[in-house]
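Trainee: The following block contains the structure, expressed as structure tokens.
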Amino acid sequence: MSLVAGQLSQAETAFTKADAESYASMVRPTSDPQFGDYQANCAMPLAKRFGKPPREVAAALVTALDVDEFCHPPEVAGPGFINLRLRDPFIAESALRMLGDQRLGVGPASPVLRILIDFSSPNVAKPMHVGHIRSTVIGDALARTFRFMGHEVITDNHLGDWGTQFGMVIYGFKHFGDEESLQTDPVTELSRLYRLVNRVIGYHNAVAELPAARQAAAEASAATESARQAVASGEPAAAKKNQKALTAAVRKESATTARVAEIEASLAVARADTEFIALASAHREIATSVLTETAKLHRGDSENLALWQRFLPHCRDEIDRVYRRLDVDFDHTLGESFYHDMLAGVVTRLRQAGLASDSEGAVCVFLDGFDAPMIVQKKDGAYLYATTDLATLFYRQQRFSPDEILYVVDTRQGEHFEKLFAVADRLGLSDLRLRHVNFGTVLGADGRPFKTRSGASVGLESLLDEAVARASAVVCDPERSAKLTPPLDADELRSIADAVGHGAIKYADLAHHRSSDYRFDLEKMVSLEGNTSAYVQYAYARVNGIMSKGGVDIERIADDAKPPVLDAPAERNLALTLLRFGECLEQVRADYAPNFLVDYLYDTAKAYAIFNDSCPVLKAGDETLTKSRLVLVALTARVLRQGLELLGIKVIPRM
RNA sequence: GCGCCCAUAGCUCAGCUGGAUAGAGCAGCGGACUUCUAAUUCGCAGGUCGUAGGUUCGAAUCCUACUGGGCGUACCA
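Take 421 as the starting number for the first sequence in our numbering and just add one per residue.
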């Protein structure tokens, strides 16, 4: 495609005398095979620009276009589309060249950019949960993809290792801690303390919130009643308006009463546990005490600092275990604590730049276009995550001098990043491209954010365990595995379930455009049917089966192979699809959206399935044809394996 | 109140700086196995792209208003 665009660009220049922006990149796969392989849509905008009929422009472009080497003569169709059909020998030779290239014809990128990706970034004081999937999986896929394209990628896990969560654990240990448990099983003990403190705080919050919630519900109920009367007795002229007000009132009433019910339910659960209530009653001031412990830690209090230093390695072990499972790693893990000493300097710098000022006791940066300021220091003197983010930005700029920094963070933090970037801009960092790579929420089957029935967030590890268990049930059918030669043994079955289970979760996440919310449905994710990880992994296993049976050495096959024959439609379509690998990576790059790669791999797996159905390889009955088709099979194997690897998903040789 | 995002087939979702007859999967119906892995594949059916205007040769895509939903909004991250 870039080849076409390049030639088109020359033709366009001949036509426009370089007197217009280029539309040569408007080449894309055709919407329908009857129009050829690619269509160029640049004639229409050019026609508008020069006030000439589009078909005339298209004809002029075609005349100037020098693509005879790899294309059949282009045709002008419809309002001015230029349809291009690649010559089979060109496709075949390109496929062979791709097979012989370690990089599958991709890159190296030009220009090579230094891209820093900030992703995952969990709070380490509490167990990872479902909310960490997206940042981790998307960030990892982008890092792998951009690196493969030839960019210089730096990954940095900006851990939450210094915040209120540690204040909670410190408070928990001081009051409820068990020294022996901490020594024998630190991770469980720390997790227990976090959960307990969190629960106590939640309980007191609920108690405190209940009266106000009840009142809000009562008011909403009264408002609904009066809205109802207005509808019943109001003037006809205002009927529509009144009805609308009633609808709104009813909605508010239902929301507020639901909130009351939610609080009451949680209190009922808590009160059933008398031991817990006794404990909670003894710690009424826990919320402020936790903040005090956090503040003491930040001030360098020796006891709290010692506890923090004691806890942190265990918290790190805990998340590292999950990263190992997910096969995710980082070049750097510079948590919030790393920047602590720089925070005062950030505030000073902002003051000196005339950006920060005092307001209501806090140090704030007021920015045009925002109602609320960015607060960089609280009235009690503590710093906030905005301060840390700025310190981090300055540090990264100074140490790594990246061209681009990507923040793979929940879309709800959009406003925070707008402010952060605005401040960076005001401080003269405008040549550094900052980008909030936002993503939507993971929803449960009910369309609400994915939670357990009791309202807690779902633990990441238990989710992975469940995915592996379900994958095992779907993929490890004993009758089937016995049919393979040799039969799959227990170890191999386990590694299959592992690859499919973890792959399913990653694949499903990456299959949706990152900015949309999606429904988490494990059953669908591990299914062998449809656009799933298992389907693509299975396609690879089939490909691999043929290669091993045919004795193909995938590393050597390109050395003495000939360009494949593409007489069958399935052969040609498969080859053409394989050639588009690089194009889809460009799409991923342009929009920071791995779902383009997922779609591509699914298309490729489908194209292969059709080929597999209609084109025998080892049984083609003709040695030349067998060799030709083995080239396509081997290239399919490499593309699927490489593509899945860029998504962080493993392939298995058999399944 | 203000701001951001979303609304596409029964369901879950794609749809690439505006392009030809809006796609896929699942679910439904009907075909194809002396298979190199049928865990596959082929066909059928299914859509006023939330509503109403506007811009354009051309709008799911851009603009405006409206409807419905989600999220954010001064010292959590």
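Backbone N, C-alpha and C define an ideal beta-carbon position, used for all residues, glycine too.
Please read these numbers as outputs of a predicted model, since none were measured by experiment.
Report the CB separation of Leu589 from Tyr614 in whole angstroms; it is logged as a contact under 8 Å.
Mentor: If you number the first sequence from 1, residue 589 lands on position 169. If you number the first sequence from 1, residue 614 lands on position 194. Checking the displayed sequence, the identity of residue 589 turns out to be Val instead of Leu. Val589 to Tyr614, Cβ: 5 Å. Contact.
Trainee: Helix, strand or coil, according to DSSP, for Gly559 in the structure here?
Mentor: For the purposes of this step, residue 559 is taken as the residue at position 139 of the first sequence. Three-state result, Gly559: helix.
Trainee: Confirm, please, whether the CB-CB distance from Ile966 to Val1037 is below 8 Å.
Mentor: Walking along the first sequence from the start, residue 1037 turns up at place 617. Walking along the first sequence from the start, residue 966 turns up at place 546. Contact flag set, yes.
Trainee: If you draw a straight line from the C-alpha of His492 to the C-alpha of Thr450, how long is it?
Mentor: The residue given as residue 492 occupies position 72 in the first sequence. The residue given as residue 450 occupies position 30 in the first sequence. The straight-line gap from Cα to Cα measures roughly 15 Å.
Trainee: Buried or exposed for Pro531, going by 16 or more other Cβ atoms inside 10 Å?
Mentor: For this step, residue 531 is matched to residue 111 along the first sequence. Pro531 is exposed by the Cβ-count criterion.
Trainee: If you pair each beta-carbon of the stretch 981-992 with each one of the stretch 527-547, do three or more pairs fall below 8 Å?
Mentor: Cβ pair count under 8 Å is below three, so no.
Trainee: Using the C-alpha atoms, what's the distance from Ala995 back to Pro499?
Mentor: Numbered from its first residue, the first sequence carries residue 499 at position 79. Numbered from its first residue, the first sequence carries residue 995 at position 575. The straight-line gap from Cα to Cα measures roughly 30 Å.
Trainee: Would you mind sorting Thr1077 into buried or exposed? The rule is 16 or more other CB atoms within 10 Å of its CB.
Mentor: Given that the chain is displayed from residue 421 to residue 1075, the structure contains no residue 1077 and the question cannot be resolved.
Trainee: Are the CB atoms of Gly1063 and Tyr1020 nearer to each other than 8 Å?
Mentor: Locating residue 1063 in the first sequence gives position 643, where the first residue counts as 1. Locating residue 1020 in the first sequence gives position 600, where the first residue counts as 1. Contact: yes.
Trainee: Alpha carbon to alpha carbon, how far is Leu1066 from Leu746? Give it in angstroms, no decimals.
Mentor: Here residue 746 refers to the residue found at position 326 of the first sequence. Here residue 1066 refers to the residue found at position 646 of the first sequence. Answer to the nearest angstrom: the Cα atoms are 13 Å apart.
Trainee: Who are the Cβ neighbours of Phe455 in its own chain at under 8 Å, not counting the five residues just before and after it?
Mentor: Residue mapping note: residue 455 aligns to position 35 of the first sequence, counting from 1. Same-chain partners within the cutoff: Ala497, Phe501, Asn503.
Trainee: Met569 lies in the alpha helix (DSSP H); which residues open and close that run?
Mentor: Here the question's residue 569 lines up with position 149 in the first sequence. Met569 -> no alpha helix (DSSP H), and no H or E assigned at all.
Trainee: What do you reckon, are the CB atoms on Thr768 and His578 nearer than 8 Å?
Mentor: Within the first sequence, the letter at position 348 stands for residue 768. Within the first sequence, the letter at position 158 stands for residue 578. No; because the gap between Cβ atoms is not below 8 Å, this pair is not in contact.
Trainee: Give the single residue among Ala478, Leu516, Arg914 whose Cα lies nearest to the Cα of Ala978.
Mentor: Along the first sequence, read from residue 1 onward, the residue named residue 978 stands at position 558. Here the closest residue by C-alpha is Leu516.
Trainee: Curious, which full-length beta strand (DSSP E) runs of at least 3 residues does the stretch 698-779 contain?
Mentor: 776-779
Trainee: CA-CA distance, Lys468 and Pro474?
Mentor: Taking the first residue of the first sequence as 1, we reach residue 468 at position 48. Taking the first residue of the first sequence as 1, we reach residue 474 at position 54. Approximately 8 Å, taken between the alpha carbons.
Trainee: With DSSP run on the structure shown, which of helix, strand or coil describes Ala460?
Mentor: For the purposes of this step, residue 460 is taken as the residue at position 40 of the first sequence. Strand.
Trainee: Can you list, in chain order, the residues of its chain whose CB lies under 6 Å from that of Gly527, leaving out five sequence neighbours each side?
Mentor: For the purposes of this step, residue 527 is identified with residue 107 of the first sequence, where counting begins at 1. Excluding residues within five positions, the ones whose Cβ falls inside 6 Å are Met569, Gly570.
Trainee: Taking only runs that begin and end inside the stretch 786-855, name each unbroken beta strand (DSSP E) of 3 or more residues, in chain order.
Mentor: 794-797, 824-830
Trainee: For a test of the three-state rule: what should DSSP assign to Leu1060, helix, strand or coil?
Mentor: Mapped onto the first sequence, residue 1060 falls at position 640. Note: Leu1060 maps to helix in three-state DSSP.
Trainee: For Ile925, which three-state DSSP category applies?
Mentor: Within the first sequence, numbered from 1, the residue matching residue 925 stands at position 505. Ile925: helix per DSSP, three-state reduction.
Trainee: Please state whether DSSP places Val528 in a helix, a strand or coil.
Mentor: Within the first sequence, numbered from 1, the residue matching residue 528 stands at position 108. The question names Val, but residue 528 in the sequence shown is Pro. In the structure shown, Pro528 sits in coil (DSSP, three-state: anything other than H, G, I, E or B).
Trainee: Check whether the stretch 887-894 and the stretch 921-937 are in contact - that is, three or more C-beta pairs closer than 8 Å.
Mentor: Segments in contact, yes.
Trainee: Measure the C-alpha to C-alpha separation of Glu572 and Arg564 and round it to an integer number of angstroms.
Mentor: Along the first sequence, one-based indexing puts residue 572 at 152. Along the first sequence, one-based indexing puts residue 564 at 144. So the two alpha carbons sit approximately 11 Å from each other.
Trainee: Could you have a look at Val895 and say whether DSSP puts it in helix, strand or coil?
Mentor: By one-based count along the first sequence, residue 895 stands at place 475. Val895: helix per DSSP, three-state reduction.
Trainee: Are there 16 or more other CB atoms within 10 angstroms of the CB of Glu713, so buried, or fewer, so exposed?
Mentor: If you number the first sequence from 1, residue 713 lands on position 293. Per the 10 Å Cβ criterion, buried.
Trainee: What did DSSP end up calling Tyr1012 once you bin it into helix, strand or coil?
Mentor: Against the first sequence, residue 1012 aligns to sequence position 592. Note: Tyr1012 maps to coil in three-state DSSP.
Trainee: Can you tell me whether DSSP reads Ala497 as helix, strand or coil?
Mentor: Residue mapping note: residue 497 aligns to position 77 of the first sequence, counting from 1. Here Ala497 sits in strand by DSSP.
Trainee: When you compare only the Cα positions, how much space is there between Ala707 and Ile621?
Mentor: The residue given as residue 707 occupies position 287 in the first sequence. The residue given as residue 621 occupies position 201 in the first sequence. The alpha-carbon atoms of Ala707 and Ile621 are separated by roughly 6 Å.
Trainee: Going by DSSP, what residues sit across from Val857 in a beta bridge?
Mentor: Translated into positions along the first sequence, residue 857 becomes position 437. Its beta-bridge partners are Val828.
Trainee: For Asn625, is the classification buried or exposed, using 16 other Cβ atoms within 10 angstroms of its Cβ as the cut-off for buried?
Mentor: Here residue 625 refers to the residue found at position 205 when the first sequence is read from its first residue. Classification for Asn625: exposed.
Trainee: What does Ala782 pair with, by DSSP beta-bridge criteria?
Mentor: For this step, residue 782 is matched to residue 362 along the first sequence. Bridge partners of Ala782: Ser779.
Trainee: Output the distance between the C-alpha atoms of Ala938 and Pro1014, rounded to the nearest integer angstrom.
Mentor: Against the first sequence, residue 938 aligns to sequence position 518. Against the first sequence, residue 1014 aligns to sequence position 594. A small correction: the amino acid at residue 938 is Tyr; Ala does not occupy that position in the sequence shown. Approximately 15 Å between the Cα atoms of the pair.
Trainee: Which residue comes first and which comes last in the beta strand (DSSP E) that contains Val1134?
Mentor: What is shown of the chain runs 421 to 1075, which leaves residue 1134 out entirely.
Trainee: Give the secondary structure of Asn662 by DSSP, where H, G and I count as helix, E and B as strand, and everything else as coil.
Mentor: Here residue 662 corresponds to residue number 242 of the first sequence, with the count starting at 1. Correct three-state label for Asn662: helix.
Trainee: Let me know the secondary structure DSSP gives Leu504 once reduced to three states.
Mentor: One-based indexing of the first sequence puts residue 504 at position 84. Note: Leu504 maps to strand in three-state DSSP.
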